[in-house]
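> Numbering (the numbering used here), first residue to last: 85 to 285.
1. Report the three-state DSSP secondary structure of residue 230 (helix, strand or coil).
2. What separation, rounded to the nearest whole angstrom, lies between the Cα atoms of residue 98 and residue 145?
3. Rounded to whole angstroms, what is the Cα-Cα separation between residue 286 and residue 198?
4. Are the Cβ atoms of residue 184 and residue 241 separated by less than 8 Å?
5. Please classify residue 173: does DSSP put it in a helix, a strand, or coil?
6. Hey, out of 226, 151 and 200, whose CA is closest to residue 211's CA?
7. Can you give me the Cβ contacts of residue 282 inside the same chain, cut-off strictly under 7 Å, excluding the 5 residues immediately before and after it?
8. Can you name the start and end residues of the alpha helix (DSSP H) that residue 184 belongs to?
9. In its own chain, which residues sit with a C-beta less than 8 Å from the C-beta of residue 187, not counting the 5 before and 5 after it?
10. Ignore the nearest five residues each way along the sequence and tell me which others in residue 285's own chain have a CB closer than 6 Å to its CB.
11. For the alpha helix (DSSP H) that contains residue 129, what are its first and last residues?
12. So what's residue 135 in DSSP terms, helix, strand or just coil?
13. If you compare alpha carbons, which of 174, 101 and 190 is closest to residue 215?
14. If we call anything under 8 Å between Cβ atoms a contact, is residue 114 one with residue 138?
15. Specify, as a first and last residue, the run of the alpha helix (DSSP H) that residue 89 falls within.
Below you can see the structure in the form of structure tokens.
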């Protein structure tokens with residue numbers, strides 16, 4: 085028996101008293117295929133979406149509902165990744181390599197979800213997320229004729245980081261770390277206040 089028969093074929097008319105043997109055979113073939121497919125699919129899907137599709141007892145309707153669930157989940161993931169991508173900033177002098185790798189990885193995830201961005205855009209965007217100590221470095225890039233790839237950007241930024249560390253010394257690094265801690269505390273305090281206000285409402 086071809087197990088996917090109910091997926092490929094429309095449901096036959098319901099059986100009646102005067103149904104012919106051929107009609108009975110076709111309906112029973114479809115019904116068995118449909119039942120096995122529904123049972124198999126429901127045992128394989130994740131618990132997170134199982135509850136929302138339990139009511140479907142026809143395989144075509146079930147597959148359509150599952151597809152709609154994934155489209156909704158995909159859109160939510162895209163929104164989350166874009167929000168994360170646009171909110172990331174390097175707030176300390178050191179750690180530029182990991183910062184660029186993180187942003188590159190998020191961009192790669194977005195590309196898999198068909199949200200494309202050019203490498204040139206990504207390079208410019210990442211440069212704008214670097215702290216003020218990288219200001220002269222950004223100006224140098226903007227006046228440079230050649231465009232960098234992400235790997236070239238990473239190499240140049242790491243070299244600039246090493247130069248800044250040597251030039252500014254540990255005191256500047258500690259100052260940026262302290263500033264980052266202040267920002268983090270302020271954000272946490274703001275988030276706590278927002279939650280408290282929501283509860284009060």
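We treat Cβ as the ideally placed atom computed from N, Cα and C, and that holds for glycine. Just so we're clear, the structure is a prediction, and the values are computed from it rather than from any experiment.
According to the structure shown:
1. coil
2. 17 Å
3. Given that the chain is displayed from residue 85 to residue 285, the structure contains no residue 286 and the question cannot be resolved.
4. yes
5. coil
6. 226
7. A caution first: residue 282 carries a pLDDT of 49, below 50, which makes its placement in the model unreliable, though a value can still be read off. The answer is none, since no qualifying residue turns up.
8. 180–196
9. 169, 172, 206, 209, 210 and 213
10. Any reading at residue 285 must be qualified, since the residue scores a pLDDT of 48, below 50, and its modelled position is unreliable; the value itself is stated next. Once the five neighbours on either side are set aside, residue 285 has no close Cβ partner at all.
11. That residue, residue 129, is in no alpha helix (DSSP H); it is neither H nor E in DSSP.
12. coil
13. 174
14. no
15. 89–92
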